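Residue numbers (the numbering used here), protein chains in the order written: chain L, 1 to 277; chain H, 278 to 773; chain E, 774 to 1267; chain R, 1268 to 1399.
Worksheet: the structure to be examined is printed underneath.
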C-alpha cells in the first residue's frame, strides 16, 4: 500500500507541478483572477449592496446561494452525527448503580438498581467517571464565558464593517458553550442547552436563511433577491440588501452555534450524553 | 409560478428538510408526510421545467437577482431538463417505498433519517440544476455528507465501508474543487458558460489540461469508475435498504451527468475530442470497467453485492458511451442515465422488499422466493430483463445506441464488452431466478409441492415498485420520442 | 403493392396478452380459466383469418406502433409468408389448448395457471414475430418468446428441468444477444434501416463479401431456435417440458420462429440477388444439408420417443432453410410450405407421444411394443403423421417435399436432391418400425393386453383433428400453397 | 538558471500547497490508522484552501474591506488595485465549513467503528471481519 501511495502521490504531484508552469506568478495583480470578476466586486459592492466588507457582501449576497448551502452542509453534518451516534433511550442500558451528588455539600450518594431518586433541585446526576472540576478552571471559565459570548455577538453584528459574520460569530458562541462542557461536565452543558433545543435551533438557523430567500420569492422577486424586502423593511432596495445580509448572518450564526454544540455533544460522549468516551 | 420552478425545485425540499428535522423533535408522525409533499413539489417542478425547456429552450434563473457571472445562476437546458425529473421521481418513489423499512429499522430516528434523505435529494437536484462550477461543489458535498450518514446506518460493517467511501469521496470532491481552482486561476470565472466562453484561447495551456484531468479523476472517483470503484460495493451492500435504493440509482448517475456537463459545457467537445484526443484510452478503460464489473459480479454469492458490481459495470457503459465521441454514443450515454437510474431503482427496491420480509439477501435466503413473494419477483424479472437489455424494456434501447456508437467509432472492443456484459447479466440474473424458482427442489416427478406460504411485501412497497417496473417498459417504448425531442438537442451542433 | 393501414396485426398480438390478468384472477376455478384461454385462442385465430382475404388479394397490412429512429420501429407488416405462419400457429393454438387441458389435468400437474399464462405470452410473441416488418421488431418478439418459453420448459422445477433450462438459455438467449444483436446493429449502421425489403436492405451497401459472410452466419447461428447444427442441442434438452409445450412450441411456434427469422434474413435483409451473386446461399444450403443428414442419423439411435421427435424436428427445420437458401422459386415455395406441412405432422406426433404418456406413463419406444392394441386411434394418427413427415402420400408432407425436390432440380443442385431423398429414407427408417411394432408385435408389457383404453378425450380429439388435417392438406393445400407462391412471386417475380 | 530560480521563487505558493497536498494524500492512502487518515484528509483539504487563498493575493493591496464605507468620507472612488480579490476568500469560507463538516462526520464514523471493533487499525479490523 505504501508503494502504491507513493506512486500515486508522485504522479499527482508531478501533474500539479507541470500545470503550475502556466500559472501567473504569486500576487500578480494582472492575473485573470484579479482582473476579471474581482474589480467589479471591489468597486461596485458599495453601490449595489451598501456593505463595506466586500467578503461579507459577496458571501451573503452575490454568492448568497452558496452560503445558504454552506450552512446546510453544517446542518447536515450535525444531523449525521446525531443520526449515527445518538443512542436512543430505548437502546441505552441504564447503569446498575447511579450516582447523585448534593450540589451544596458535595455529598455523593449511590443508588442500586430499582431504586429511584425523588425529583429534587438539590441533587444532580453524575457519572461514575465524574471528577470534581478544578476550582480555578471552573471559576475562570465562568467569568470568561459571558465575555466570549458578548464578543461573538459583536462579531456577528459587525460583520458588515470588519472581519466577521455569522460563521465566525456562531463558532465563537458555540465554543463558549463547549468551554462550559469542558470545564464542568457534559451534563451541566446539556442542562443549560437541552438536546431538543439545540436540534431545533439548528434547523431554525438555516430556516431563517432559506426562509428569507423564500420570502423574496413570495414578494415576486427571485430567490434570495433581498431588494424585494425593501417594501417590508421600508428602506430603499440597496439598504434592503444590507439588512437582508444581516438577517441571514444571524441565521447562520444560530445554525453554526447550535450545530457546533450538537456535534461536540454527540462525538465527545459517543452519543450517550454521559461524561467520558 | 412556473418562472420560479428552478428555485422551488431545490428550495422546497431544503425548507422541508428543516421542517422535518423540527418535526422529528415534536411529533415523529409528521416527518414522512412532509417529506413526501416536498419531494412531490420537486417532482412537479422538475416535470414543469422539462416542459418549459421543450417549449422555450434554455432557461436561466438568476439567484439573488444577480446576473452571471457575478452571481450564481441556474441553467436548465435539455440535458439537465431530462435528468431532473428522473432524480426527483426516483427519489419520491423510493421515499414512499421506504416508509415501512425505516419504521422497521430505526424507529427512533425517523426524523433525522427523513431530514437527511430530503437534504440528499436537494443536493442531487442542485448538482444537476446549477450553472455555477463552485456551487456544484457545495451541493456535491451536501449530497455526499448526507449520503455518508445514510449509508453508515446499516450492518456492522457499514461504518467502515462508509468511512472508506468518505475518504475516496473527499479526495474526489477536493480534486474537483482543485480543478475548478485551476480554471479560476486562468479564467477568473466560476460560471460554467462563462468559463466555456473564456477557455478557447487557452486550450493549449497546461493548466487547463491539468484542470480537466483533475476534474475528471475527481468525478470518476465519485462515480466509481473502474479502477476507482473499490469503495462502492461494500458501502452500498452493508447500508440499510432504504438508503441504498436511493443512493445506488442516483449518485453514480448524477456524477455521470456532471462528467457529461464538464465535457460538453465547460470544456466543450472541441477540447475534449480534438485537442486532447485521449478518448480511445478512456473507452478502453470503460471496456475494462465493464468486463471487471461483470466478472466481479459473477463471483458474488450475495444478491445486493452482485447488484453493486452491476452498478460499477453500468458506469463503464455510460463513461464509454460519452467518450466514444459520436452522436450515437453520447445519445446512448444520456439515455442510459435515465434508464439505469430506473432499472437500478427497480432491482434495489426489490432487494428492499426482500430484506423487509426475509431479513437477508444472500443467495441462500432467496430459496423459493417466487412462491413466497411472486409480485416482488415479477418486478425483479422486469428490472433484470432491462439490465440484460431485452426489448422492449428501456435497457435495450440505450444499449442499442451505445453499440451503434461503438460501431460507428470503430471501437469494437467496446461493442464486445457491452455484449459480454449482457451475457454475463443473463447468467447473473438467471442464477438468482433459478434459486428462487427451483429451490427447495421438488421430488423427481415435480408434482408434490409443499404449499409455500405467500409473504408478500406491503402495498406501500409494491405500488412504487410496480410504477418503476412499468415505467421501464414505457420509457423503452417512448425512447424514440425522448431521443427526438430531448436527447438530440443535448448534443452540440456539428458534433458527429 | 397496395398497402392498408390497420390495427388488426397489433390486436392479434395483444389479444392473448389481455386475457392473462383474467387467467390469473380466475386461477381458482380451472374451467373459467381455460375458457379464457379458448376465448383468446379463437379470437386470435379469427383476427388472423380476417386479414387473410386482403392478403390473398395481394395487399399488405401495415401498422406502426412506435418509431424509434429512422428505419427502426416497432412495426407490423402482414405479408403472405407472415400470414402463412400466423395461420398455422394461431389455428394450432386452439387445438393445443384443448390438448393441454386433457394433458395437464390428466397428469394433475402443478402451476397450471402459470402454464397457461406463459403459453399465451408465447403465442403473442409468435404472432408478433410473424407479422414483424423489420428486424428490430422481429428481434423483440424473438427475445420475448425465448424468455417466455423458459418457465414452460422448466415447468417441473426439478434438477433435470434446471439443467435443461440452462442449456436452453445458453443457446437461445446467448446466441441472440451475442450474435444477432451485433449483426443487426452492423446492418443498421451499413444500411441505415432495418425494414425488410424485397431486394434486401444490404444490397447496394458497401459491405465487403467477407463482412457479408460473417453477418450471414451471425444471423443463421444467432437465431438458434432454428436448431441448425451446431446450435441444435438445446432442442432435445428442452423435451423435459410438458408435452403440449413440446408439441406447440418445439414443433411449431418456437422453432418455426427461428426458421422464419432465417427466411426473413435471407429474403428481406440480404435479398436473393445478393445471395446468389455472392454464392452465400450455397453456404447456407451446405450447413442445412449437414444438419438434415446428421439430425436424421442421430434420430435413428434414439429410444426416448420425444427425443427422437426432437432430432427429427432438427432435420426437418433444415429442410425449410435448405429450400429457401436454394433460391430457386420452386425450392422456396417448398421451404415455406414445409412450415405448414411439418407443423401439422409434427404436432400430431407430439400429441401422440403425450397421449401415450398420459395413458400409460411410457416414454421410451422400446416399451411401446404392442401399444397399438391398447391405443389404436392414437397410433393410427401417429402412423398418418409419420407418413407426412417422411413425405409420402396421402399426406401434406408430400407436397412440400415434392416442391423441395423440384427446387433442387431447378437450381441444378443434384447433390441436395440426393440429400433430401436419403433423409426421407432415414425418416422412414426411424418412424415405420414404431408403428409396426405397436400394431404387429406381441406386447411384452401385460398392460397392453387389456382392451382398448385411450387417453382422455381432450387428448385424443386434438390429435385426430391434426392428423386429419395432415391428410386433407394433400388434397386441398390452400391457402398455404397459394400464400407461399405469392410470397415467392413477390420476391423473385416468377 | 536564474530564470528557473526566479520562476521557482515567483510561484513558491504553489510548491507549498502541492507539497502539503501530497503529504495529505500519501497519509490517506498509506496510513493504517483510520484517524491518521482523517488527519491526512484534513491536511489535503487545507492545502487546497491555501491554494485558493494564495490566488487572491495581489501585490500592494489590502484586505477587501472598504474604509469609510459610510459616513462623511463615503464617496471617494474605490480602485480595484488597492484591494485583494475577495472571491477566493468567500469560496474558502465554504471550503473550510465543508472541511469541518466532513471531519465531524468522519469522526462520528470512526467512533462507530471503534465501538464495533475496539480498534482503529485498519488491518486489525479487516482481520476481525475475515474471522467472522
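Heads up, the beta-carbon is just placed ideally off N, CA and C, and yes, glycines get one too.
Since this is a predicted model, take the numbers as computed values, not measurements.
First and last residue of the uninterrupted alpha helix (DSSP H) at residue 1398 of chain R | 1389-1398
Around the C-beta of residue 780 of chain E, are 16 or more other C-beta atoms found within 10 angstroms, so that it is buried, or is it exposed?
-> exposed
Sequence-distant residues of the same chain with beta carbon closer than 8 Å to residue 5 of chain L, five excluded per side = Take residue 5 of chain L, set aside five residues on each side of it, and no residue of its chain has a beta-carbon closer than 8 Å to its own.
Who does residue 431 of chain H pair with in a DSSP beta bridge?
-> Residue 431 of chain H pairs with H:516.
Does the separation of the CB atoms of residue 400 of chain H and residue 420 of chain H fall below 9 Å?
-> Yes, Cβ-Cβ distance for residue 400 of chain H and residue 420 of chain H is below 9 Å.
Taking all protein chains shown into account, decide if residue 723 of chain H is buried (16 or more other Cβ within 10 angstroms of its Cβ) or exposed.
-> With a pLDDT of 46 at residue 723 of chain H, under the threshold of 50, the modelled position of this residue cannot be trusted, and the question is left open.
Interface residues of the region 407-435 of chain H facing chain L [CB-CB below 7 Å] = Here the close residues are 411, 412, 415, 416, 418, 419, 422, 423, 425, 426, 429 and 430.
Along chain H, which residues have their Cβ under 7 Å away from the Cβ of residue 196 of chain L?
-> 302
Give me the Cβ distance between residue 585 of chain H and residue 525 of chain H, rounded to the nearest whole Å; I'm assuming they're in contact under 8 Å.
-> 7 Å
Kindly identify the DSSP beta-bridge partner or partners of residue 849 of chain E.
-> E:836 and E:905
Would you list the one or two residues that DSSP bridges to residue 1300 of chain R?
-> R:1388
According to the neighbour-count rule (16 or more other Cβ atoms, all chains shown, within 10 Å of its Cβ), is residue 678 of chain H buried or exposed?
-> buried
Give me whichever residues DSSP pairs with residue 468 of chain H in a beta bridge.
-> H:409
Own chain residues within Cβ distance below 8 Å of residue 267 of chain L, not counting five before or after | 81 and 85
Looking at the structure shown, is residue 235 of chain L part of a helix, part of a strand, or coil, going by DSSP?
-> coil
Write down the C-beta distance between residue 675 of chain H and residue 609 of chain H rounded to the nearest angstrom, noting that I regard them as a contact closer than 8 Å.
-> 5 Å
Considering only the beta carbon of each residue, do residue 336 of chain H and residue 353 of chain H sit closer than 9 Å?
-> yes
Between residue 947 of chain E and chain H, is there a C-beta pair that is closer than 9 Å?
-> yes
Select from the region 436-453 of chain H all residues with a C-beta closer than 7 Å to any C-beta belonging to chain R, and list them in chain order.
-> For the region 436-453 of chain H, the set of positions with a beta-carbon nearer than 7 Å to some beta-carbon of chain R reads 436, 437, 439, 440, 443, 444, 447, 448 and 451 in chain order.
If you draw a straight line from the C-alpha of residue 73 of chain L to the C-alpha of residue 54 of chain L, how long is it?
-> 23 Å
From what residue to what residue does the beta strand (DSSP E) around residue 1324 of chain R run?
-> Residue 1324 of chain R -> no beta strand (DSSP E), and no H or E assigned at all.
Taking C-alpha atoms, which residue in E:1057, E:1021, E:955 and E:911 lies nearest to residue 1122 of chain E?
-> E:1021
Taking the CB atoms as reference points, tell me whether residue 1151 of chain E and residue 1129 of chain E lie closer together than 9 Å.
-> yes
Where does residue 828 of chain E fall in DSSP's three states?
-> helix
Can the beta-carbon of residue 755 of chain H be found closer than 9 Å to that of residue 652 of chain H?
-> In this structure, residue 755 of chain H lies away from residue 652 of chain H, with their beta-carbon atoms at least 9 Å apart.
Per-residue contacts from residue 760 of chain H into chain E (C-beta, under 9 Å) = 841 and 842
Run the CB neighbour count on residue 598 of chain H, radius 10 Å, all protein chains shown included, and call it buried at 16 or more, exposed below.
-> So residue 598 of chain H ends up on the buried side.
Quick one, which of H:477, H:491 and H:748 has its alpha-carbon nearest residue 448 of chain H's?
-> H:491
Residue 916 of chain E touches chain H at which residues, Cβ-Cβ below 7 Å?
-> 667 and 668
For residue 20 of chain L, the nearest candidate out of R:1287, R:1292, R:1333 and R:1280 (CA to CA) = R:1280
List the DSSP bridge partners of residue 102 of chain L.
-> Per DSSP, L:123.
For residue 1329 of chain R, the three-state DSSP class (helix, strand or coil) | strand
Quick one: which chain R residues come within Cβ less than 7 Å of residue 462 of chain H?
-> 1322
Of the listed residues H:438, H:478 and H:570, nearest to residue 1380 of chain R (C-alpha basis) | H:438
Is residue 927 of chain E close to chain H, meaning its C-beta is less than 9 Å from at least one C-beta of that chain?
-> yes
With 9 Å set as the bound, which would you pick, yes or no: does the beta-carbon of residue 684 of chain H sit closer than that to a beta-carbon of chain E?
-> yes
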